[in-house]
Amino acid sequence: MLTMEFENVLDAFTFVLDEIPEDLMHRYMKVRLTQSIQKSRRQRRLEWVLGRSGFAAPENRKPLRIALASLLQNGIGKPFPPSQINPEWSSDMLADIMRCHHAEAHALLAPETMNALTEEFTKATGMIPRSMEHRAQIMEVYLQSRLASLDCLDTDQVSVCKTYQDMLGEIAKPVSEGLPMQEPAHPETLAPPTNLAPVAKTIAHEPATAELDPVCLTPGVRLAHEPLTIQRLTEQFEAARGCNEPLHRSPAKQPYGVDIAGACERSIKIAQANGEMDDKTADARRSRVKTFCLLAGVQTVTEVEQFHFRVFEERVENLRNNFLKRKDDALLTWMDLEAEALELEDEQLGRAPSTYNSYLEQFGAVLKHARFNEGSAVDRDLDPSLLRRQEKVRARSKRNAFQPDEINALFQHPVWQGCRSDARRHEHGNQVIKDGLFFVPLIVAYSGGRMEEIAGLTVNAIVEVDGQYGLDIRTHEERRIKNAHSERLIPIHEHLLELGLLDYRGRMMAKGERLLFPELRPTSVKKKFMSALRYNWRKIREGQLGGNPKGLDGHSLRHSFNQALKTRPEVLKDVRLDLLGHAGADLNEEVYGDVNGMPFDLKRAAIDLLPRVF
59 MLTMEFENVL DAFTFVLDEI PEDLMHRYMK VRLTQSIQKS RRQRRLEWVL
109 GRSGFAAPEN RKPLRIALAS LLQNGIGKPF PPSQINPEWS SDMLADIMRC
159 HHAEAHALLA PETMNALTEE FTKATGMIPR SMEHRAQIME VYLQSRLASL
209 DCLDTDQVSV CKTYQDMLGE IAKPVSEGLP MQEPAHPETL APPTNLAPVA
259 KTIAHEPATA ELDPVCLTPG VRLAHEPLTI QRLTEQFEAA RGCNEPLHRS
309 PAKQPYGVDI AGACERSIKI AQANGEMDDK TADARRSRVK TFCLLAGVQT
359 VTEVEQFHFR VFEERVENLR NNFLKRKDDA LLTWMDLEAE ALELEDEQLG
409 RAPSTYNSYL EQFGAVLKHA RFNEGSAVDR DLDPSLLRRQ EKVRARSKRN
459 AFQPDEINAL FQHPVWQGCR SDARRHEHGN QVIKDGLFFV PLIVAYSGGR
509 MEEIAGLTVN AIVEVDGQYG LDIRTHEERR IKNAHSERLI PIHEHLLELG
559 LLDYRGRMMA KGERLLFPEL RPTSVKKKFM SALRYNWRKI REGQLGGNPK
609 GLDGHSLRHS FNQALKTRPE VLKDVRLDLL GHAGADLNEE VYGDVNGMPF
659 DLKRAAIDLL PRVF
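Structure (structure tokens):
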């Protein structure tokens, strides 16, 4: 009894608003029907020219038609009813039907689909849907139009031409005729006839809905008709990457593919040809763009709308922060990831503002390339920057700096004071092993360099300047630096010379080594020089700093270097910025300063002011 009363209350709330009037539904039905027909016909042509089998292929229409009819009859929230399974269906046929049923229901239940249909309805009718019933009416029309568009492809069935012409005349009635309100149609009255070719032909002749050119894809790229995964997207990106097509051509004569994978890969190829992007940055763009596509549910640049950025913003909050660190992550759909998120703590989800912003920047760069370089019909009103996030922590507070006592404690570790052996670097002994683990943190502390810059030094990076020595920081084949300002010459602190840095460099040169610390050479292009040090470097900090509660790291040494020089009034600001590899203090210094940076003697004097770390 209580259950019935509760359901009655829910029904009362559900039907508090009137249903969408029939005249508006007729107007929307025409728009939706036109869109579905155009999409199906374009898809059929695309599959025909590419020789692939998608939903528009004749052999795939029957399973999809059965699945759509079941969704119309039974609703989108229920599985395919066992009672409707035909015993004469083959196992492959049944599997195809189940796959289509799941994919169509999943797509229709996705927020981005409903948002798109709602916006489409509002644009066509001027009415904003405001209830669950309104959304149900729109979804019903969507499914009806999908079914009708499939029948449109069966051009050999023309026996019911008159039926569809009558239907078109009915749904195309202008609102001024004042159609009367009607009772809600029963599901069986909504079932479409079996052919729609004449309707498609008639609609195509209307100027307002003239059929567009077929969708163009990068050769080799196939759009996924099943729920997206990183693996499916990677297949698209690899196909586009391997495509040997002209990068510079007339879009009017040779259109570019509108697939996001192709646009992304072409933007990378052009940037790398111009020397503006290395392999690591290219891989980062691919990863960011693929993740955006997965969360927003998009595959072409022409389908992206502003609301897709809002969908991404919402979903990234439920994205596991170690996503893509596990091998099977590439096989997960958004529904899988969303289900995972329910079992995780808040701190295990989401992205930092800077990381989140980088997704928008990389995806926005691809859209910009597609629009301006390739002439693709990208929405002109797209603006990813509207959803950028402001960082809550000031730049100077992002990383803590080592305090003097913490630096002293750090370098009292056995690595610098004496360890037991090469295999037991964390135990006290009488061996001081001079290698990358020994020198890299020391050089960072005495130079203010970035850990990756120092770990990737070559033997030729140590240069002599007027009888003194410096570190020539610059990009080489195996290691890039952050930007043009990062190229600089840093005097070597006298303590490093006393510890035998020059002798060590001599031994590496005698062995024919190119790198100063060859044991740190990355094992793959995706890894960094610091990867080989990460475990021991973390263990040193945790052991010497009581678990390292402040999260001090290599960049913290760089901050300490900066703070030490800022407190010395005799050190000019421009000297300090030059040592750190930052831009000039003002426009005058930035544009008219010495191309080789501040004088070496001034930088030498600043370095000599630094206290010894042990």
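Everything in the sequence shown is counted per our numbering, starting at 59 for the first residue and increasing by one.
Quick reminder that beta carbons are idealized off the backbone N, C-alpha and C, glycines included.
Predicted model, so just to flag it, every value in this text is computed and none were measured.
Valine 583: buried (16+ other C-beta within 10 angstroms of its C-beta) or exposed?
If you number the sequence shown from 1, residue 583 lands on position 525. By the neighbour-count rule (16 or more Cβ atoms within 10 Å), valine 583 is not buried but exposed.
Take the Cβ of glutamate 323 as the centre, count every other Cβ of all protein chains shown within 10 Å, and call the residue buried at 16 or more, exposed below.
By one-based count along the sequence shown, residue 323 stands at place 265. Flag for glutamate 323 reads buried.
Check asparagine 253 in the structure and name its three-state DSSP category.
In the sequence shown, counting from the first residue as 1, residue 253 sits at position 195. Its pLDDT being 34, under 50, asparagine 253 is placed unreliably by the model, and nothing is read from it.
Other residues of its chain near methionine 151: CB distance less than 7 Å, five sequence neighbours each side excluded:
On the sequence shown, position 93 is the one that residue 151 refers to. Here the set comprises Pro121.
Is the distance from the Cβ of proline 576 to the Cβ of serine 589 below 8 Å?
Position 518 of the sequence shown, counted from the start, is the residue given in the question as residue 576. Position 531 of the sequence shown, counted from the start, is the residue given in the question as residue 589. If you check the CB distance, proline 576 and serine 589 do not come in under 8 Å.
In whole angstroms, give me the CA-to-CA distance for arginine 478 and leucine 638.
As a working note, residue 478 is residue 420 in the sequence shown. As a working note, residue 638 is residue 580 in the sequence shown. So the alpha carbons of these two residues sit roughly 35 Å apart.
Range of the contiguous alpha helix (DSSP H) that encloses aspartate 632
Along the sequence shown, read from residue 1 onward, the residue named residue 632 stands at position 574. Unbroken alpha helix (DSSP H) run through aspartate 632: 631-638.
Entirely within the region 551-629 and at least 4 residues each: give me those alpha helix (DSSP H) ranges in chain order.
Those alpha helix (DSSP H) runs which fall completely within the region 551-629 and span 4+ residues are 552-556, 559-568, 592-602, 612-624.
Taking Cβ to Cβ, would you say valine 279 is nearer than 8 Å to alanine 298?
Position 221 of the sequence shown, counting from 1, holds the residue named residue 279. Position 240 of the sequence shown, counting from 1, holds the residue named residue 298. Their beta carbons are under 8 Å apart, which means valine 279 touches alanine 298 by this criterion.
Other residues of its chain near arginine 344: CB distance less than 7 Å, five sequence neighbours each side excluded:
Start at 1 with the first residue of the sequence shown, and residue 344 comes out as number 286. Around arginine 344: Phe295, Cys322.
Within 10 angstroms of the Cβ of glycine 605, are there 16 or more other Cβ atoms? Answer buried if so, exposed if not.
For the purposes of this step, residue 605 is taken as the residue at position 547 of the sequence shown. Label assigned to glycine 605: exposed.
Relative to the C-alpha of aspartate 76, which candidate in Thr176, Met172, Met185, Ile95 has its C-alpha closest?
The sequence position of residue 76 within the sequence shown is 18, counting from 1. Looking only at Thr176, Met172, Met185, Ile95, the smallest Cα-Cα distance to aspartate 76 is reached by Met185.
If contact is defined by three or more beta carbon pairs under 8 Å, each pair taking one atom from either stretch, is the region 515-532 in contact with the region 480-494?
no
Is the distance from the Cβ of alanine 659 to the Cβ of glutamate 552 below 8 Å?
By 1-based counting over the sequence shown, the position of residue 659 is 601. By 1-based counting over the sequence shown, the position of residue 552 is 494. The question names alanine, but residue 659 is aspartate in the sequence shown. Cβ distance not < 8 Å, so aspartate 659 and glutamate 552 don't count as in contact.
For the structure I just gave you, are there three or more beta carbon pairs, one from the region 400-413 and one from the region 432-451, closer than 8 Å?
yes
Taking buried to mean at least 16 other C-beta atoms within 10 Å of its own C-beta, is leucine 400 buried or exposed?
What you label residue 400 is simply residue 342 of the sequence shown in a count that begins at 1. Flag for leucine 400 reads exposed.
What residue range does the beta strand (DSSP E) around valine 521 cover?
Start at 1 with the first residue of the sequence shown, and residue 521 comes out as number 463. Looking at the DSSP string, the run of the beta strand (DSSP E) that includes valine 521 is 520-523.
I need the DSSP call for proline 669, collapsed to helix, strand or coil.
Numbered from 1 along the sequence shown, position 611 holds the residue referred to as residue 669. If DSSP states are grouped into helix, strand and coil, proline 669 belongs with coil.
Quick one: grab the DSSP three-state call for glutamine 526.
Reading the sequence shown from its first residue, position 468 is the one you call residue 526. Here glutamine 526 sits in strand by DSSP.
What is the C-beta distance between alanine 503 and phenylalanine 672, in whole angstroms, given that I count them as a contact (C-beta under 8 Å)?
In the sequence shown, the residue the question calls residue 503 occupies position 445. In the sequence shown, the residue the question calls residue 672 occupies position 614. With a Cβ gap of about 10 Å, alanine 503 and phenylalanine 672 do not count as contacting.
Span of the alpha helix (DSSP H), counted from its first residue to its last, around histidine 159
Position 101 of the sequence shown holds residue 159. Its alpha helix (DSSP H) spans residues 149-167.
Under a Cβ-count criterion, where at least 16 other Cβ atoms within 10 Å of its own Cβ denotes burial, should leucine 254 be classed as buried or exposed?
Position 196 of the sequence shown, counting from 1, holds the residue named residue 254. Residue placement at leucine 254 cannot be trusted, given a pLDDT of 35 that sits under 50; what the coordinates show is reported in the next sentence. Leucine 254 should be labelled buried.
Would you list the residues sitting across from leucine 407 in a DSSP beta bridge?
Taking the first residue of the sequence shown as position 1, residue 407 is located at position 349. Per DSSP, the beta bridge partners of leucine 407 are Arg378.
On the DSSP letters alone, give me the boundaries of the alpha helix (DSSP H) that arginine 447 sits inside.
The count along the sequence shown starts at 1 and reaches residue 447 at position 389. No residue range can be given for arginine 447, since it is assigned to no alpha helix (DSSP H) and is classified by DSSP as neither H nor E.
How is isoleucine 491 classed by DSSP in three states: helix, strand or coil?
Taking the first residue of the sequence shown as 1, we reach residue 491 at position 433. Residue state, collapsed to three classes: coil.
Hey, is the region 162-170 in contact with the region 128-148, meaning 3+ C-beta pairs nearer than 8 Å?
yes
With burial defined as no fewer than 16 other Cβ atoms inside 10 Å of the residue's Cβ, what is the status of histidine 486: buried or exposed?
Position 428 of the sequence shown holds residue 486. So histidine 486 counts as exposed.
Among Asn376, Ala182, Lys385, Gly315, whose alpha-carbon lies nearest the alpha-carbon of glutamine 289?
Start at 1 with the first residue of the sequence shown, and residue 289 comes out as number 231. When each option's Cα is compared against that of glutamine 289, the closest is Lys385.
Coil, strand or helix - leucine 402 by DSSP:
On the sequence shown, residue 402 is found 344 positions in, with the first residue counted as 1. In this structure, leucine 402 counts as coil in the three-state DSSP scheme.
Taking valine 362 and aspartate 437 to be in contact with their CB atoms under 8 Å, please state how far apart those CB atoms are, rounded to whole angstroms.
In the sequence shown, counting from the first residue as 1, residue 362 sits at position 304. In the sequence shown, counting from the first residue as 1, residue 437 sits at position 379. Rounded, the Cβ-Cβ distance is 6 Å, consistent with contact.
Measuring alpha carbon to alpha carbon, tell me which residue in Glu522, Met87, Pro277 is nearest proline 206.
Sequence index remark: in the sequence shown, residue 206 carries index 148 (1-based). As written in the sequence, residue 206 is alanine, which differs from the proline given in the question. Nearest option by C-alpha distance: Met87.
Applying the 10 Å Cβ sphere with the 16-neighbour rule, what's the burial state of glycine 52?
Shown here, the chain extends from 59 to 672; a query on residue 52 therefore has no answer.
What does the Cβ neighbour count give for glutamine 312, buried or exposed, with the cut at 16 atoms within 10 Å?
Here residue 312 refers to the residue found at position 254 of the sequence shown. So glutamine 312 counts as exposed.
Provide the residue span of the beta strand (DSSP E) that contains leucine 547, from first to last.
To locate residue 547, count along the sequence shown from 1; it is residue 489. Element bounds for leucine 547: 546-549.
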